[in-house]
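Undergrad: Before I ask anything, let me first share the structure, which is written out below as structure tokens.
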Amino acid sequence: MENKRTCLYDKHVALGALISPFGGFDMPIQYTNIVDEHNAVRKACGIFDVSHMGEVLVTGAESEAFVNYIFTNDIKDAPDGKIFYGMMCHPTGGVVDDLLVYKMEPQRYFLVINASNIDKDVAWIMEQSKKFDVVVENQSEKYGEVAVQGPKTEEIVERILGIECSDLTFYTCKEVECNGETIIISRTGYTGEDGFEIYASHAFTNEVWDKLVGSGEVKPCGLGCRDTLRFEVGLPLYGDELTDEITPLEAGLGMFAKLDKDFIGRDALAAQKAEGLKRKIVGIELKDKAIPRHGYEVEADGKVIGVVTTGYNSISTGKSVCMAMLDIEYTKLDTEVAVRIRKKVFPGVVTKKRFYDKNYKK
Amino acid sequence: MSTILEGLYYAESHEYVKVEGEYGYVGITDYAQHELGNVVYVDMPDVDDEVTAGEDFGAVESVKAASDLISPVSGTVVEVNEALNDNPELVNSDPYANWIIKVQLSDPSEVENLMDADAYKAAIGE
């Protein structure tokens, strides 16, 4: 099957981007190189085409109860414009997807899901919605989305796009009238830096891209550095740190699973918590510069005790680090473990899975 | 446009060997370093290790991927480029000056199985 293309695809080609498949789309991995793009976001401002992300609108009388039933975080009585991060779980506690829920109005919720999971998620949400008085609408094709990220973003968005955003606090959103259409802007992102995400028509998304990239102040950034940026601050990627078989508790995301309310998978998670985890995702820092990558085995005491979920030579710190799912008895900080990289075994120690401090404006 | 030097021998897997007497200097081509992007680690063999033409002897790691190094020649490693331990990015800045291993060739005629500069240029479509 042919990959889909986002509404900004022609821009990426014109910029000479390296294009690779991701989540069913042909996406830009890098324009110049990952290191320069990564550093632009840490130090100034970068723009990502994230139009591949899926959007699902839930409306109707029981929309709050419904979203709270399929979502691990608790959205009850939230103010309009509030955004929540959390997961949808299977009854087993394994994760269907991680997502953002935007509360637009009391009976209107905007769900942002991973590109690779759009078909699975929409089918799942539709199936669960049958018992509720709600309307579920897959709007993924309708929206383009860009993420503008980095410490200079707020000033640049206000000056170049003329969209006021300094009034938005972390994890809030608002709707704005632009060129006769209603766009959504939120103070969110996936880089560990301050920034905004803008959801709009394909035409307006192209306009935003052209204005920001054309200004010369905003660097086009590909999915390559999106991954290195999110990794350094310990954010999970579905498919690596989260899967149908990994629970939020094992991924270290228990704070986003509110066990004091009812939701699909709640009982399994409560039972897992009561019994104690058997495995958990931690960080590992290697002494050498060899790079632990997804799928590499982690060893200790002469046996395999886990597997790397994501790893890099961290661009911001220069250290070779990874997140890895380890047997629980090896997850204490400073435990000595080793990662098998090709024919050699490289020693390291267990660390926190945040390798670089977030720089959010709250 | 990639830099391709005359007088070197090239493998389909984008390593080169520069022959001087009984020794061969093995590295990756300019085309390969460009495709890889920022090199952050070079996994090299030890001195006295044997390498075999067509078999891997290490890896070059960029930010996004690890790429096996396939030896274009057979022989014994007599030197590794220690500078790459601290400055792996030298492979990006000048891949021909910054060879990876120096091999004492066990069969110098093996280079006849490799491409010359013109053939390699055609192979990468330039």
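Quick mapping for you: the protein sequence lines, in order, are chains A and B.
Last residue of the first sequence? That's 700 in our numbering, and every number before it is there in order.
Last residue of the second sequence? That's 122 in our numbering, and every number before it is there in order.
Glycine included, each C-beta is placed from N, C-alpha and C at the ideal position.
Since we're looking at a predicted model, the values are computed, not measured.
#1: Within 9 Å of any Cβ in chain B, is that where the Cβ of Gly562(A) sits?
#2: Using a Cβ-Cβ distance under 9 Å, would Pro84(B) count as near chain A?
#3: Which class does Glu11(B) belong to by DSSP, given the choice of helix, strand or coil?
#4: Would you give the residue range spanned by the alpha helix (DSSP H) that Arg380(A) belongs to?
#5: Please list the partners that Val36(B) has in chain A, where partner means a Cβ-to-Cβ separation under 8 Å.
#6: For the 8 Å Cβ check, are there 3 or more pairs between the segment 46 to 58 of chain B and the segment 593 to 611 of chain A?
#7: Relative to the C-alpha of Cys697(A), which candidate in Val450(A), Gly530(A), Ile629(A) has its C-alpha closest?
#8: On the DSSP bridge assignment, give the partners of Leu664(A) in chain order.
#9: Take Tyr6(B) as the anchor and find which of Val22(B), Pro104(B), Glu75(B) has the nearest alpha-carbon.
#10: Taking DSSP's pairing of strands, which residues face Arg446(A) in a bridge?
#11: Take the Cβ of Met(-3)(B) as the centre, count every other Cβ of all protein chains shown within 10 Å, and call the residue buried at 16 or more, exposed below.
#12: Could you tell me how far apart the beta carbons of Val472(A) and Phe404(A) are, in whole angstroms, since I believe they sit closer than 8 Å?
#13: Between the beta-carbon of Phe601(A) and the beta-carbon of Asn406(A), is there less than 9 Å?
#14: Whose Cβ in chain B lies nearer than 7 Å to the Cβ of Val379(A)?
#15: Just checking: is the beta-carbon of Gly71(B) within a distance shorter than 9 Å of some beta-carbon in chain A?
#16: Cα-Cα, which of Ala638(A), Cys563(A), Val474(A) is closest to Leu356(A)?
#17: What three-state label does DSSP hand Glu108(B) in the structure shown?
#18: Select from Lys441(A), Ser467(A), Lys468(A), Val434(A) the residue whose C-alpha is nearest the C-alpha of Ala453(A).
#19: Rank Asp695(A), Ile679(A), Ala382(A), Val571(A) by C-alpha distance to the C-alpha of Tyr634(A) and give the top, closest one.
#20: Does the structure place the segment 513 to 532 of chain A close enough to the segment 495 to 503 of chain A that three or more beta carbon pairs sit under 8 Å?
#21: Which residues, in order along the segment 661 to 685 of chain A, keep a beta-carbon less than 7 Å from a beta-carbon of chain B?
#22: Leaving aside the five residues before and after Val379(A) along the sequence, list all residues of the same chain whose C-beta is less than 7 Å from its C-beta, in chain order.
#23: Out of curiosity, what's the CA-to-CA distance linking Glu18(B) and Pro104(B)?
#24: Between which two residues does the alpha helix (DSSP H) containing Thr491(A) stretch?
#25: Helix, strand or coil for Leu707(A)? Go by DSSP, reduced to three states.
#26: What's the gap between the Cα of Tyr92(B) and the Cα of Ile0(B)?
#27: Quick check: is the beta carbon of Asp26(B) nearer than 9 Å to any beta carbon in chain A?
#28: Which residues in chain A have a C-beta closer than 9 Å to the C-beta of Tyr60(B)? List them in chain order.
#29: Closest to Lys302(A) by C-alpha separation, out of Thr510(A), Val688(A), Asp626(A), would be which residue?
#30: Distance, Cα to Cα, Val73(B) vs Glu57(B)?
TA: Walking through what the data contain:
#1: yes
#2: yes
#3: strand
#4: 372 to 381
#5: Lys627, Ile629, Asn651
#6: no
#7: The question names Cys, but residue 697(A) is Asn in the sequence shown. Checking every option, the nearest Cα to that of Asn697(A) belongs to Gly530(A).
#8: Lys618(A), Gly644(A)
#9: Val22(B)
#10: Thr397(A), Glu443(A)
#11: exposed
#12: 5 Å
#13: yes
#14: The contacting residues do not exist; Val379(A) stays about 14 Å from chain B at best.
#15: no
#16: Cys563(A)
#17: helix
#18: Val434(A)
#19: Ile679(A)
#20: yes
#21: Arg680
#22: Gln487, Gly488, Thr529, Glu531, Cys559, Cys563, Leu567
#23: 7 Å
#24: 491 to 494
#25: Since the displayed chain A opens at 339 and closes at 700, residue 707(A) lies outside it and no answer follows.
#26: 9 Å
#27: no
#28: Per the sequence shown, the amino acid found at residue 60(B) is Lys instead of Tyr. The answer, in chain order, is Ile367, Gln368, Ile372, Gly562, Asp565, Thr566, Tyr650.
#29: No answer is possible for residue 302(A): it lies beyond the span of chain A, which begins at 339 and ends at 700.
#30: 20 Å
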